[in-house]
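Peer 1:
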Amino acid sequence: MSMQIFQNTEIAFKPRSDADLRKARLLFRIMASPLLVRAMGLMAGIALRLRIPVRWLVKPTVFKLFCGGETLAEVQGVVDKLAFHKVRSVADFAAENRESEEEINSVISEIISSMDFAKANRVVPFSVFKPTAIAPPGALEETGSSSANPAAAEKFRENFMTLCRAARDRGIPVMVDAEECHYQHVIDDLCTEMMELYNKERPVIFNTLQMYRHDRVEFLKEALSRARKKKYYIGFKLVRGAYMEQERERARKLGYPSPIHPDKESTDRAFNDAVTLCLENIDITSLFAGTHNEESLMQMMEQMKAADIRNDDPRIYSSQLYGMSDHISFNMAAHNYNVAKYLPYGPVHYLIPYLVRRAEENRSVSGQSGRELHFIKLEVKRRKTIYKTRKS
Ligand SMILES: Cc1cc2nc3c(=O)[nH]c(=O)nc-3n(C[C@H](O)[C@H](O)[C@H](O)COP(=O)(O)OP(=O)(O)OC[C@H]3O[C@@H](n4cnc5c(N)ncnc54)[C@H](O)[C@@H]3O)c2cc1C
C-alpha cells in the first residue's frame, strides 16, 4: 500500500460539478491569503456583534463549502449524496457558547433530534456534541478553583448526562468534542464516568483526545487499563487539536508551562502512538481517527493490514471535515474503509465561529490550503483534458 491510494482525483471529486469545483478553488485561494482571512475574521466578528445580516453572502459560499445545511432536512440531501459514494456522515449541530437556559435547552433538544436523525439513517453511525454548547456561563470556567459556579457546574453535569442517556436509549454512539485544556478534565471525568456506566456491552460514549497535548498518550494508557480492570469498552476520537495558538497564548499570559507539544513532529508522533495503542487494544477499543493527515492514516491502514484487521472493521473509522480532504475520504471509502464526514449544521450565524476557525486553520496550518488547491486543480485539469479529447 502506498500514498497512491489518496491520489485519484476522479474518485475524490465525483460528487462535485464543474461549477462547484471552480467555486471551491476560488474559496481556497482566498483562504490561502493570511491578510484576507484576518480581514474576514474581523468583519465576521463585527457583523455578529452588530447583528448585520451576512447570511446572503456566507450561505452560498463558505457555508455551502463547509456545512451540511441549516436544518436536518437540508443535511439529509448532503448525507444521501455522500452515501451514494460510500461515505457516511456525522451530523454535528455546531452551536457554541450559548448563554441563556432557554438557548441551552433548545441546543439539547436539537442534539437529541440529531440522534433521532442518526437512528433513522443507517449511514449516520454517530452523534456528537460540543460541551460548551450545553454549559451555562461559569460552569466550565477554572473548574476546581473557587471561581467556578457550583450551580452552573451541576446544571452542566445534568445536561451532559441527559445527552449520554439519550444516546444510550437510541443505541447511537455519541462523541464528545474536546475544546480548551483548562476545563477539559471536567469533561474527561464525566466521559469516563459515562463510559463505565453505558459502555458495558459496546462503546456508546466516545471521548476526544487532542494529541497536541503532551499528557494524552499517558491518559490513553490509563483509560485502557481502567477499562480492562472494570470491564467496559472505550471509544476515542483522536484529533491533533484545534486551539494550539489560544492554548500557548493563555499559558504564556498566566505563566504556566504550555500543555502543547513543542513542535509538530512531537504532535504527529503522539497521534500515531495513540492510533497504535488503540489498534493493539482493539478488543476493547473503538477508534475514530479525525484527521486530514495522510501519513497518519497510511500508518493506520498498514497497521490494520499487519494485524489482519478488515478494512471495514466496524470498530475503526476515519473522519474528515465536510469540504476538506475529499481526496482522503472518497478514496479510502472506495477501498472499503469506514469513513464518516463531520457535517456541521445549524443557522448560519451559529456557524460563523466554526467557519472562521476553518479559514484560520487553512491559513495557519502550513500547507492545508495548498493541499486542497493542489487536488482541486488536478481534477479541473483532468476534466478539461477529457472534454477536449471527447470534442476532437
Ligand atoms: C472529524 C474531525 C473532528 C474534529 N474534532 C475536534 C475536536 O473535537 N476538538 C479539537 O480540538 N479539534 C477537532 N478537530 C480538528 C483537529 O484537531 C485539527 O485541528 C485538524 O484536523 C488539523 O489536524 P490534522 O490531523 O488534520 O492535520 P495536520 O495538518 O497534520 O496537523 C495540524 C495540527 O497539528 C498540530 N500542530 C501544528 N503545528 C504544531 C506545532 N508547531 N507544535 C505542535 N503541534 C502542532 C495542531 O494541532 C494542528 O491543528 C477535528 C478534526 C476532524 C477532521
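Just so you know, we're using the working numbering here: the sequence shown kicks off at 625 and counts up by one.
Positions of the beta carbon are idealized from the N, C-alpha and C atoms, including for glycine.
This one's a predicted model, so the numbers in the text were calculated from it and none came from an experiment.
Per the contact definition of three or more C-beta pairs closer than 8 angstroms, is the region 629–645 in contact with the region 993–1007?
Peer 2: Yes, the region 993–1007 is in contact with the region 629–645.
Peer 1: Looking only at its chain, what residues have a beta carbon closer than 7 angstroms to the beta carbon of S737, apart from the 5 residues adjacent to it on each side?
Peer 2: Counting only Cβ-Cβ distances below 7 angstroms, and skipping sequence neighbours, we find L696.
Peer 1: Would the C-beta of T915 count as close to ligand 1, meaning under 7 angstroms from any of its heavy atoms?
Peer 2: Checking the Cβ of T915 against ligand 1 gives yes.
Peer 1: What three-state label does DSSP hand Y946 in the structure shown?
Peer 2: If DSSP states are grouped into helix, strand and coil, Y946 belongs with coil.
Peer 1: Applying the criterion that 16 or more other CB atoms from any shown protein chain within 10 Å of the CB defines a buried residue, is G693 buried or exposed?
Peer 2: Per the 10 Å Cβ criterion, buried.
Peer 1: Measure the Cβ-Cβ separation of R864 and T909 and say whether it is below 8 angstroms.
Peer 2: No.
Peer 1: Let's test the definition: count the other Cβ atoms within 10 Å of the Cβ of N783 and tell me whether it reaches 16, buried, or not, exposed.
Peer 2: Counting Cβ neighbours within 10 Å, N783 comes out buried, since at least 16 surround it.
Peer 1: Can the beta-carbon of V798 be found closer than 8 angstroms to that of F843?
Peer 2: Against a cut-off of 8 angstroms, the Cβ pair of F843 and V798 comes out as no contact.
Peer 1: Note down, in chain order, each residue of its chain lying with its Cβ closer than 8 angstroms to the Cβ of S890, except the 5 sequence neighbours on either side.
Peer 2: Only H838 meet the Cβ criterion.
Peer 1: Counting along the chain, where does the alpha helix (DSSP H) carrying A759 start and finish?
Peer 2: Looking at the DSSP string, A759 is not in any alpha helix (DSSP H), and its letter there is neither H nor E.
Peer 1: If I follow the unbroken beta strand (DSSP E) through P968, where does it start and stop?
Peer 2: P968 -> beta strand (DSSP E) spans 964–969.
Peer 1: Considering Cα atoms alone, identify which of S751, A763, M785 is closest to A776.
Peer 2: It is A763 whose Cα lies nearest to the Cα of A776.
Peer 1: Express the C-alpha separation of N773 and M956 in angstroms, rounding to a whole number.
Peer 2: Each residue's alpha carbon lies about 46 angstroms from the other.
Peer 1: With respect to the alpha helix (DSSP H) encompassing M799, which residues constitute its N-terminal and C-terminal limits?
Peer 2: Counting along the chain, M799 falls outside any alpha helix (DSSP H), though it belongs to the beta strand (DSSP E) covering 798–800.
Peer 1: Can the beta-carbon of V972 be found closer than 8 angstroms to that of Y941?
Peer 2: Their beta carbons are not under 8 angstroms apart, which means V972 does not touch Y941 by this criterion.
Peer 1: Does DSSP put N783 in a helix, a strand or coil?
Peer 2: If DSSP states are grouped into helix, strand and coil, N783 belongs with the helices.
Peer 1: Taking the alpha helix (DSSP H) that I736 belongs to, which residues open and close that run?
Peer 2: Per DSSP, I736 belongs to the alpha helix (DSSP H) from 725–744.
Peer 1: Return the CA-CA distance between L901 and L921, expressed in angstroms with no decimal places.
Peer 2: So the alpha carbons of these two residues sit roughly 14 angstroms apart.
Peer 1: Where do the N-terminal and C-terminal ends of the alpha helix (DSSP H) with D716 fall, by residue?
Peer 2: Run containing D716: none in the alpha helix (DSSP H); it sits in the beta strand (DSSP E), 712–717.
Peer 1: Measuring CA to CA, which of R653, I758, N905, K638 is closest to H709?
Peer 2: Checked all of R653, I758, N905, K638; the closest Cα to H709 is K638.
Peer 1: Out of A648, K824, R794, T756, which has the shortest C-alpha to C-alpha gap to V800?
Peer 2: Here the closest residue by C-alpha is T756.
Peer 1: In the DSSP assignment, what are the bridge partners of Q834?
Peer 2: According to DSSP, which records beta bridges pairwise, Q834 is partnered with V863.
Peer 1: With distances taken Cα to Cα, identify the nearest neighbour of R872 among P886, L862, D937, K861.
Peer 2: Nearest C-alpha to R872: P886.
Peer 1: Report yes or no: do the region 973–980 and the region 675–691 share at least 3 C-beta pairs separated by less than 8 angstroms?
Peer 2: Counting Cβ pairs under 8 angstroms, three or more are found: they touch.
Peer 1: Determine the direct distance from the alpha carbon of S641 to that of Y1011, and round the result to whole angstroms.
Peer 2: One C-alpha to the other measures close to 14 angstroms.
Peer 1: By DSSP, does T695 sit in helix, in strand, or in coil?
Peer 2: T695 falls in the coil class under three-state DSSP.
Peer 1: List the endpoints of the continuous alpha helix (DSSP H) containing A930.
Peer 2: Residues 918–930.
Peer 1: Give me the Cα-Cα distance between V989 and M948, rounded to the nearest whole angstrom.
Peer 2: Confidence at V989 is low in this model, with a pLDDT of 45, below 50, so the placement of that residue should be treated as unreliable; the coordinate-derived value is given next. If I take the Cα positions, the gap works out to 13 angstroms.
Peer 1: For C815, collect the residues of the same chain with a Cβ closer than 7 angstroms to its Cβ; drop the 5 residues on either side in sequence, then sort them by chain order.
Peer 2: The answer, listed in chain order, is V800, I829, N831.
Peer 1: Between I906, L878, K888, which lies nearest to G859 when the distance is taken from Cα to Cα?
Peer 2: Here the closest residue by C-alpha is I906.
Peer 1: Which value, in whole angstroms, describes the spacing of the CA atoms of E725 and A790?
Peer 2: Between E725 and A790, the C-alpha separation is close to 19 angstroms.
Peer 1: Just checking E869 against ligand 1 - is the residue's beta carbon closer than 7 angstroms to any of the ligand's heavy atoms?
Peer 2: For ligand 1, not one heavy atom lies less than 7 angstroms from the Cβ of E869.
Peer 1: Once you ignore the five residues that flank P827 on each side, which residues in its own chain have a CB closer than 7 angstroms to its CB?
Peer 2: Correct list, in chain order: P797, Y857, I858, G859, S910.
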